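Student: One structure follows; several queries about it will come next.
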Amino acid sequence: MALLRCLLPLLPAVALALGPAAGDARRPLALEALGEAEELAEELWDAGLPGDLPELEPECRRLLAAFAEGSAALTGCLGHRARPVRLCQACHYHYRRLLAQYGNIARAVGNSSESHNCAKSILTSDRLQIVVILSQFFNETWEAANCANCLKNNSEGLSNSTVEFLDLFNKSLTCFEQNVQGQTIYLSPSNDTEVCKNCNETYRMLNDLYNNLQRLNRQGGESGYSAHLCIDVEDAMNITRKLWSRTFNCSVPCSDTVPVIAVSSFILFLPIVFYLSSFLHSKQKKRILILPKRIQSNASLVNIQEKYS
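Count the sequence shown with mature numbering (1 follows the signal peptide of the UniProt record, and there is no 0) and you get residues -17 to -1, 1 to 292, in order.
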């Protein structure tokens, strides 16, 4: 079959080479023979006659078709869940299934001794290695999204902390929606008192949980993306913070305001106290010079002599 495909492009050149040598009278016969040869070659190619091109075994074709189907499903899931980001919570099943399908290809061997190994035929039989490239792309995307931090150890579902976070996130959005009904979404710079007052507790709990998850992840993470939570949690928190601070212009009062002010004031006054104490202790008093007795006696003798002279 490969030989027929290679010979097809050569048939016009052969006909043109034979045409002038046989004369103009034979040129229509050469063209007619060329057409018949092309039709015959196409029929042989479509018939699937055995040739020197190795064909995939039925089992290998089935594995390749399954991987193609899994790749399409995962690609569709990633595209539909790109905004707002819900990659990890919505696509983990497709990703786990694709990993299993790729593993089946890598471990599969043809049934007959004369057949080619499925892994070699599908993964490394050509320079492009499209199946390997697709698998690497999905793995890198999944690792960049840091989805492992949102899932259980076996990646069968969301972790308990992620479920708790998403539950608070949904409650926060519901609270925002209920308190802005009938109002303009893009509010004036003044605070929206209803949202800030009624949703403050839910938002504070969500923000505290996110900070705790981030701190625990930094302490226990050893991967290259250890400084980040999974993209779903990060995107959800960014959305909530933008709504809270920019759209509704709310702020969370800090419970440690008094200690922070006291410590800051103490630090600011330290230079003043230091320089003042240095000035007071470094002020020199006038020293009274006490002349030695020998010098005093000599001075008295000189005064007496001057008096009587």
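Virtual Cβ for every residue (Gly too), placed ideally from N, Cα, C.
On a predicted model such as this, the values are computed, not experimentally measured, just so you know.
Are the beta-carbon atoms belonging to residue 341 and Leu61 less than 7 angstroms from one another?
Tutor: Here the chain has residues from -17 to 292 only, and residue 341 is not among them.
Student: Just mark Ser261 as buried or exposed, buried being the case when its beta carbon has 16 or more other beta carbons within 10 Å.
Tutor: Reading the sequence shown from its first residue, position 278 is the one you call residue 261. Classification for Ser261: exposed.
Student: Would you list the residues sitting across from Leu141 in a DSSP beta bridge?
Tutor: Residue mapping note: residue 141 aligns to position 158 of the sequence shown, counting from 1. Beta-bridge pairing links Leu141 to Leu134.
Student: Specify the secondary structure class of Cys182 as computed by DSSP and reduced to three states.
Tutor: Numbered from its first residue, the sequence shown carries residue 182 at position 199. If DSSP states are grouped into helix, strand and coil, Cys182 belongs with coil.
Student: Evaluate Ile116 with the Cβ neighbour count: other Cβ atoms within 10 Å of its Cβ, from every protein chain shown; 16 or more gives buried, anything less gives exposed.
Tutor: Looking up residue 116 in the sequence shown gives position 133. So Ile116 ends up on the exposed side.
Student: Pull up the distance between the alpha-carbon of Leu151 and that of Ile113, whole angstroms please.
Tutor: By 1-based counting over the sequence shown, the position of residue 151 is 168. By 1-based counting over the sequence shown, the position of residue 113 is 130. Those two C-alpha atoms are separated by around 42 angstroms.
Student: For Gln84, count neighbouring Cβ atoms within 10 angstroms of its own Cβ and tell me buried if that reaches 16, exposed if not.
Tutor: Indexing the sequence shown from 1 puts residue 84 at position 101. By the 10 Å Cβ count, Gln84 comes out buried.
Student: Could you give the DSSP three-state label for Arg110: helix, strand or coil?
Tutor: The residue labelled residue 110 in the question sits at position 127 within the sequence shown. Three-state DSSP puts Arg110 in coil, outside helix and strand.
Student: Please name the residue, chosen from Tyr258, Asn221, Ile255, Leu253, that lies closest to Arg66 on a Cα-to-Cα basis.
Tutor: Position 83 of the sequence shown, counted from the first residue, corresponds to residue 66. Checked all of Tyr258, Asn221, Ile255, Leu253; the closest Cα to Arg66 is Asn221.
Student: Among residues of its own chain, excluding the 5 on either side of Thr185, which ones have a beta-carbon nearer than 8 angstroms to its beta-carbon?
Tutor: As a working note, residue 185 is residue 202 in the sequence shown. Around Thr185: Leu151, Lys154, Ser155, Cys158.
Student: Nearest by alpha-carbon distance to Arg44: which of Ala55, Ala91, Leu57 is it?
Tutor: Stepping through the sequence shown from its first residue, residue 44 is reached at position 61. The shortest C-alpha to C-alpha distance from Arg44 to any of Ala55, Ala91, Leu57 is the one to Ala91.
Student: Compute the Euclidean distance between the alpha carbons of Arg79 and Glu177, then round it to the nearest angstrom.
Tutor: Looking up residue 79 in the sequence shown gives position 96. Looking up residue 177 in the sequence shown gives position 194. Roughly 44 angstroms between the two C-alpha positions.
Student: Evaluate Phe120 with the Cβ neighbour count: other Cβ atoms within 10 Å of its Cβ, from every protein chain shown; 16 or more gives buried, anything less gives exposed.
Tutor: Along the sequence shown, one-based indexing puts residue 120 at 137. Exposed, because fewer than 16 other Cβ atoms sit within 10 Å of the Cβ of Phe120.
Student: How is Leu212 classed by DSSP in three states: helix, strand or coil?
Tutor: As a first step, residue 212 must be located in the sequence shown, where it is residue number 229. Here Leu212 sits in coil by DSSP.
Student: Between Ser144 and Leu134, what straight-line distance do the alpha-carbon atoms span, to the nearest angstrom?
Tutor: For the purposes of this step, residue 144 is taken as the residue at position 161 of the sequence shown. For the purposes of this step, residue 134 is taken as the residue at position 151 of the sequence shown. Their Cα atoms are separated by approximately 9 angstroms.
Student: Using DSSP with H/G/I as helix, E/B as strand and the rest coil, what is Glu40?
Tutor: In the sequence shown, the residue the question calls residue 40 occupies position 57. Looking at Glu40 - three-state DSSP - the assignment turns out to be coil, as it is neither helix nor strand.
Student: In angstroms, rounded to a whole number, what distance separates the CA positions of Arg187 and Ile244?
Tutor: Position 204 of the sequence shown, counted from the first residue, corresponds to residue 187. Position 261 of the sequence shown, counted from the first residue, corresponds to residue 244. One C-alpha to the other measures close to 22 angstroms.
Student: Put Ala128 into one of helix, strand or coil per three-state DSSP.
Tutor: Numbered from 1 along the sequence shown, position 145 holds the residue referred to as residue 128. Ala128: coil per DSSP, three-state reduction.
Student: Return the CA-CA distance between Arg270 and Ile255, expressed in angstroms with no decimal places.
Tutor: Within the sequence shown, numbered from 1, the residue matching residue 270 stands at position 287. Within the sequence shown, numbered from 1, the residue matching residue 255 stands at position 272. Note that Arg270 has pLDDT 48, beneath the 50 cutoff, so the model's placement of it is unreliable and the number below is only indicative. Each residue's alpha carbon lies about 29 angstroms from the other.
Student: Return yes when the Cβ of His77 is within less than 7 angstroms of the Cβ of Leu57, no when it is not.
Tutor: Sequence index remark: in the sequence shown, residue 57 carries index 74 (1-based). Sequence index remark: in the sequence shown, residue 77 carries index 94 (1-based). Yes, the pair counts as a contact, with Cβ atoms nearer than the cut-off.
Student: If distances are taken between C-alpha atoms only, which option among Phe148, Ser142, Ser118, Trp227 comes closest to Lys180?
Tutor: Numbered from 1 along the sequence shown, position 197 holds the residue referred to as residue 180. Here the closest residue by C-alpha is Trp227.
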